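For reference, the structure discussed in these notes is given below.
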Amino acid sequence: MLQTTKMGQTPCPGGCYVTAMQATIKYPDGKEANIDTNAWLHHIAMFGSGAGGGSIWACGNERPTLRLNTEKNYGIDFPTAFMLMIDLMTESTAPKQLTLDITYEWVPKTASGYKAASMYWLTIGEPAAKSGIYKFNSMPSTATVNGDLLYAIGHMHDGGSDMRLFINGKQVCKSIMHYNLRPGYTPPSGSMAGMSHGGHSKANNVNIPTANISRRDGGGTDHISDPGACTNFGEVKKGDRLTSEAWYDAIAHPLMEHNGKKENLMGNMRVYVGPK
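In structure tokens:
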């Protein structure tokens, strides 16, 4: 695994609300790099001084598209500069040269009716793997505003079944992990395992060396490709308690391994709220 940090600049120097984001990794020839060629965008997280405070966006190898303005006018109040924490991984011993691409859709801050959304990060940390079917609970978070529940999505490691969002103990969202639904998510043979106001940003090339790299080397051929998302699914009130559960089924979907050892698990739920 290669862990690196990169600094980035806003796609809109005049100030904007980013209404949609999507990330991927590519080879120098422009071809998308994924599990079928032994390249994983294991994790990426963005930190800045936007309205979310601290972490403002993240994704895993599922590479989902975040969109906040499907029904109402919200977006991320994008910072002038931001930091990316990037984890890349491979099952191959051959070096790879990759480019991280992040595509943004945005509107200027002068756009009529737009407001800044906030993200609540609900995480279980990185607990040790278990056998069978089980769950982990996240630390709670408290809503700081009255707002609309715009978007919620879970991120898990292989073996994950679903993530569930609760407000004051009541389940309001279930993000189901779907496996191998798209091309690119099946390991190679023999492996163990049009935007108006649009902006496009490419980080510097990121080289994955063969030395000191933690290989992902086991677990099978089931890999999460599509986490379900809940959109425009209700409201939250200031003071409400947000929690999540991360459910794993190691019987249905084998867990991944690093150097012969079961990898620690993850369960992060990103919840975007649009203040009233």
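First residue of the sequence shown: 0, per numbering that gives the first Met the number 0; consecutive thereafter. From the three backbone atoms N, C-alpha and C, an ideal C-beta is built for every residue, glycine too. Everything numeric in this text was worked out from a predicted model, so none of it was measured.
- Taking C-alpha positions only, residue 2 is separated from residue 273 by approximately 32 angstroms.
- Runs of the beta strand (DSSP E) spanning 3 or more residues and lying entirely within the segment 80-150 occur at 80-88, 95-107, 117-122, 132-136, in chain order.
- Contact annotation: the segment 80-90 does not touch the segment 130-149, with fewer than three C-beta pairs closer than 8 angstroms.
- Spanning the alpha carbons of residue 243 and residue 109 requires a straight line of approximately 36 angstroms.
- As DSSP reads the structure, residue 165 sits in a beta bridge with 170, 242.
- With contacts defined as CB atoms closer than 8 angstroms, residue 74 and residue 17 qualify as a contacting pair.
- A straight line joining the alpha-carbon of residue 105 with that of residue 21 spans about 12 angstroms.
- In the DSSP assignment, residue 59 falls within the beta strand (DSSP E) that extends over 53-59.
- Shortest Cα-Cα distance from residue 71 to any of 153, 261, 147 involves 147.
- Straight through space, the alpha carbons of residue 248 and residue 103 are spaced by roughly 34 angstroms.
- Considering only 63, 228, 265, 54, the residue with the shortest C-alpha distance to residue 23 is 63.
- For residue 20, the enclosing beta strand (DSSP E) stretches over residues 15-25.
- The straight-line gap separating the alpha-carbon atoms of residue 264 and residue 59 is approximately 13 angstroms.
- Residue 135 sits close to residue 266, with the two beta carbons spaced by under 8 angstroms.
- Taking C-beta separations shorter than 7 angstroms and ignoring five residues to either side along the sequence, the partners of residue 126 in its chain run 135, 263, 264, following chain order.
- Straight through space, the alpha carbons of residue 111 and residue 158 are spaced by roughly 44 angstroms.
- Checking the DSSP bridge columns, you'll see residue 274 partnered with 146.
- Within the DSSP bridge table, the entry for residue 269 names 120, 152 as partners.
- Of the other Cβ atoms in all chains shown, fewer than 16 fall within 10 Å of the Cβ of residue 82; this residue is therefore exposed.
- Under the three-state reduction of DSSP, residue 34 is assigned to helix.
- The Cβ atoms of residue 268 and residue 162 sit closer than 8 angstroms to each other.
- Between residue 29 and the set 186, 258, 96, the nearest pair of CA atoms involves 96.
- Scanning its chain for C-beta atoms nearer than 6 angstroms, with the 5 sequence neighbours on each side dropped, one finds around residue 142 the residues 235, 237, 239, in chain order.
- A straight-line Cα-Cα distance of about 6 angstroms links residue 222 and residue 179.
- The C-alpha of residue 41 lies about 17 angstroms from the C-alpha of residue 54.
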